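*Asks:* Provided herewith is a single structure, encoded as structure tokens, for subsequent inquiry.
2 protein chains.
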Amino acid sequence: MTRMDLSQFDCSVARATEVIGERWTLLILRDALYGLTRFVDFQTDLGIARNILSNRLRQLVAHGVMTRQLYQEQPDRYEYLLTDKGRAFFPVLAALMHWGDTWAFDGEPPRSLVHHACGREGVQSVASCSNCGRELDAESVHIDPLPETIRHRVDEAVERWRRLSALPTK
Amino acid sequence: MTRMDLSQFDCSVARATEVIGERWTLLILRDALYGLTRFVDFQTDLGIARNILSNRLRQLVAHGVMTRQLYQEQPDRYEYLLTDKGRAFFPVLAALMHWGDTWAFDGEPPRSLVHHACGREGVQSVASCSNCGRELDAESVHIDPLPETIRHRVDEAVERWRRLSALPTK
DNA sequence: ACGAGTGGGTTGCAGTTTGCAACCTTCGGT
DNA sequence: ACCGAAGGTTGCAAACTGCAACCCACTCGT
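Here the protein sequences line up with chains A and B, keeping their order.
So for the first sequence, the working numbering puts the first residue at 22; every next one is plus one.
So for the second sequence, the working numbering puts the first residue at 22; every next one is plus one.
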């Protein structure tokens with residue numbers, strides 16, 4: 022009855038989920054992007070159980086998202102730093118934060134990201150077409166190639182999109 | 022020993038995590054954005070246990086991300102449709118997919134998003150400053166107000182950023 | 001009339017994960 | 001000698017996950 026391995030899927034979302042999809046992991050990553058590096062700081066900020074934190078940090082290191090660096094000897098003390106892979110996660114968290122601000126709070130969002138260079142609030146994370154530059158939403162896009170398992174469901178929608186966009190069918 | 026309620030945090034990422042942070046939920050949302058709507062389709066595409074799927078869909082409906090709609094009577098049949106809140110999740114998944122493509126695959130990503138209007142691949146999800154428009158990364162931004170619990174750790178980093186950006190300290 | 005198939009589930013049970021609390025280790029300070 | 005800090009590990013009970021079997025209301029083919 023072992024847990025299914027999501028990284029078996031030939032899908033980037035599934036692979037990413039295997040790395041960051043466990044409870045607390047996103048929040049640890051958020052704290053790391055805020056600037057935290059030490060075990061105790063993650064622990065006191067999140068109120069997470071120490072064994073869980075230990076486990077999650079080990080997973081993040083194993084997945085190459087963070088590194089464990091010795092910052093002092095006698096006694097040995099370690100801190101956790103983001104790798105390039107970890108820092109590259111920023112747009113995902115920015116998008117998630119924006120979504121949470123908009124849809125999970127009634128009033129003002131509790132805090133916001135400030136661009137140092139501007140000193141002003143306001144970070145947006147927008148999906149856009151790298152070809153034409155236009156902003157994209159879920160309706161203006163389809164997946165390709167279509168996974169076999171869902172072809173029969175999505176095909177008609179794709180056909181409709183093709184007619185609308187007046188492009189030759191491949 | 023009840024599970025900690027992440028939506029207690031005064032943080033958008035934590036609130037969002039309470040909605041989408043459980044195993045499978047992101048993949049269900051991905052499938053929904055691909056165009057799937059029915060219980061059996063999610064089930065066969067993901068290979069998820071039926072009780073778990075049932076539970077996750079119920080949670081998504083409870084959180085206002087999907088709605089359960091009767092599409093046929095005798096026998097009653099239901100489908101699951103994304104709400105505006107659910108469709109608004111697209112930039113997060115686009116960002117996550119982009120991250121997975123870049124960092125979780127060795128070679129070519131298995132599939133990509135195609136803009137109907139262009140017929141061309143390439144979706145990027147980029148965080149940018151809504152004030153000056155420049156692209157942002159983790160280093161060019163800080164959180165404000167700083168959570169009390171982490172102030173002592175992050176303060177020095179923020180001071181450094183302020184000096185670099187040569188802005189008056191608020 | 002009967003059996004098989006479809007769609008949308010629920011229930012039972014065993015194995016896995018989570019979280020609290022207590023404990024460990026190595027140091028530096030008093 | 002004792003305390004506190006930092007970075008953990010261990011033990012145990014409650015909660016969650018996943019497989020398989022089952023349920024129900026139809027429809028379709030023979």
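Glycine included, C-beta positions come from ideal geometry on N, C-alpha and C.
Note that the structure is a prediction, hence the values are computed from the model and not measured.
Under a three-way DSSP split, which group does SER149/A fall into?
*Replies:* If DSSP states are grouped into helix, strand and coil, SER149/A belongs with the strands.
*Asks:* For HIS84/A, does the three-state DSSP call read helix, strand or coil?
*Replies:* Reduced to three states, the DSSP call for HIS84/A is coil.
*Asks:* State yes or no: is the C-beta of LEU74/A within less than 8 Å of the C-beta of PHE60/A?
*Replies:* Yes. Within cutoff.
*Asks:* Please check the pair PHE126/A and LEU50/A, which I expect to be a contact at CB under 8 Å, by giving their CB distance rounded to whole angstroms.
*Replies:* Not confirmed; about 21 Å, so no contact.
*Asks:* For SER133/B, return the contacting residues in chain A, with the cut-off set at a CB-CB distance below 7 Å.
*Replies:* Simply ASP165.
*Asks:* Looking at the C-beta of VAL34/A, does it have a partner C-beta in chain B at a distance below 8 Å?
*Replies:* Cβ-Cβ to chain B under 8 Å: yes for VAL34/A.
*Asks:* Going by other Cβ atoms of all chains shown within 10 Å of its Cβ, with 16 needed for buried, is PRO112/B buried or exposed?
*Replies:* Under this definition PRO112/B is a buried residue.
*Asks:* Using the Cα positions of ASP62/A and ASP97/B, report the straight-line distance between them to the nearest angstrom.
*Replies:* So the two alpha carbons sit approximately 52 Å from each other.
*Asks:* Is there at least one Cβ from chain B nearer than 8 Å to ARG51/A's Cβ?
*Replies:* Cβ-Cβ to chain B under 8 Å: yes for ARG51/A.
*Asks:* For chain B, check one thing: does any of its Cβ atoms lie closer than 8 Å to the Cβ of ARG89/A?
*Replies:* For ARG89/A, the answer is no, since every Cβ of chain B falls outside 8 Å of its Cβ.
*Asks:* Quick check: the segment 117-135 of chain A against the segment 144-162 of chain A, are at least 3 beta-carbon pairs closer than 8 Å?
*Replies:* The segment 144-162 of chain A, when compared against the segment 117-135 of chain A, does touch it at the 8 Å Cβ threshold.
*Asks:* Given a threshold of 16 other Cβ atoms within 10 Å of its Cβ, counted over all protein chains shown, does ALA70/B qualify as buried or as exposed?
*Replies:* Under this definition ALA70/B is an exposed residue.
*Asks:* Can you tell me which residues form a DSSP beta bridge with GLU169/B?
*Replies:* Partner(s): none; GLU169/B has no beta bridge.
*Asks:* Among CYS32/A, ALA37/A, SER151/A, LEU57/A, which has the Cα closest to the Cα of ALA159/B?
*Replies:* With distances taken between Cα atoms, ALA159/B lies closest to LEU57/A.
*Asks:* Below 8 Å between beta carbons is the criterion; list the residues of the segment 108-130 of chain B that meet it against any residue of chain A, in chain order.
*Replies:* Taking 8 Å as the Cβ-Cβ cut-off against chain A, the residues of the segment 108-130 of chain B that qualify are ARG108, ALA109, PHE110, PHE111, PRO112, VAL113, LEU114, ALA115, ALA116, LEU117, MET118, HIS119, TRP120, GLY121, ASP122, THR123, TRP124, ALA125, PHE126, PRO130.
*Asks:* Give the straight-line distance between the Cα atoms of GLN90/B and LYS106/B, rounded to the nearest whole angstrom.
*Replies:* Taking the straight line joining both Cα atoms gives about 16 Å.
*Asks:* For ASP122/B, is the classification buried or exposed, using 16 other Cβ atoms within 10 angstroms of its Cβ as the cut-off for buried?
*Replies:* The residue in question, ASP122/B, is buried, as its Cβ has 16 or more Cβ neighbours within 10 Å.
*Asks:* Can you name the start and end residues of the beta strand (DSSP E) that GLU100/A belongs to?
*Replies:* Residues 98-103.
*Asks:* My output table needs one value for LEU157/B: the three-state DSSP class, helix, strand or coil.
*Replies:* DSSP places LEU157/B in coil when its eight states are reduced to three.
*Asks:* Provide the residue(s) that pair with GLU142/B in DSSP beta bridges, ordered along the chain.
*Replies:* VAL135/B, per the DSSP bridge assignment.
*Asks:* Assuming TYR101/B and TYR92/B are in contact, meaning their beta carbons sit under 8 Å apart, how far apart are those beta carbons, in whole angstroms?
*Replies:* The Cβ separation is near 10 Å, so there is no contact.
*Asks:* Could one say the Cβ of SER161/A lies closer than 8 Å to chain B's Cβ atoms, at least one of them?
*Replies:* At least one chain B Cβ lies under 8 Å of SER161/A.
*Asks:* Can you list, in chain order, the residues of its chain with a C-beta nearer than 8 Å to that of HIS173/B? Leave out the 5 residues immediately preceding and following it.
*Replies:* Around HIS173/B: no qualifying Cβ.
*Asks:* If I measure Cβ to Cβ from CYS150/A and keep anything under 7 Å in the same chain, skipping five residues before and after, which residues do I get?
*Replies:* LEU157, listed in sequence order.
*Asks:* Please name the residues in the segment 137-156 of chain B whose beta-carbon is closer than 8 Å to at least one beta-carbon of chain A, in chain order.
*Replies:* Within the segment 137-156 of chain B, the qualifying residues are HIS137, ALA138, CYS139, GLY140, ARG141, GLU142, GLY143, VAL144, GLN145, SER146, VAL147, ALA148, SER149, CYS150, SER151, ASN152, CYS153, ARG155.
*Asks:* Per the DSSP calculation, ARG77/A is bridged to which residue(s)?
*Replies:* Per DSSP, none; premise fails for ARG77/A.
*Asks:* Does the distance from the CB of HIS84/B to the CB of VAL34/B come in under 8 Å?
*Replies:* Against a cut-off of 8 Å, the Cβ pair of VAL34/B and HIS84/B comes out as no contact.
*Asks:* Within its chain, find whatever has a CB closer than 7 Å to the CB of THR104/A; leave out the 5 residues flanking it on each side and keep chain order.
*Replies:* Within the same chain, THR104/A has close Cβ partners GLY85, VAL86, MET87, THR88.
*Asks:* Taking LEU74/B as the query, report the chain A residues whose CB atoms sit under 8 Å from its CB, ordered along the chain.
*Replies:* Result: empty, since nearest Cβ-Cβ is about 13 Å, beyond 8 Å.
*Asks:* Kindly list the residues whose CB is nearer than 7 Å to the CB of ARG24/A, restricted to its own chain and excluding five residues on each side of it in sequence; keep chain order.
*Replies:* There are no such residues.
*Asks:* Tell me which same chain residues have a C-beta within less than 6 Å of the C-beta of ALA53/A, skipping the five on either side of it?
*Replies:* LEU103, listed in sequence order.
*Asks:* CA-CA distance, VAL162/B and ARG77/A?
*Replies:* Whole-angstrom Cα-Cα distance: 25 Å.
*Asks:* Considering only the alpha carbon of each residue, which of MET118/A, CYS32/A, GLY154/A, THR38/A lies closest to PRO130/B?
*Replies:* The candidate whose alpha carbon is nearest that of PRO130/B is CYS32/A.
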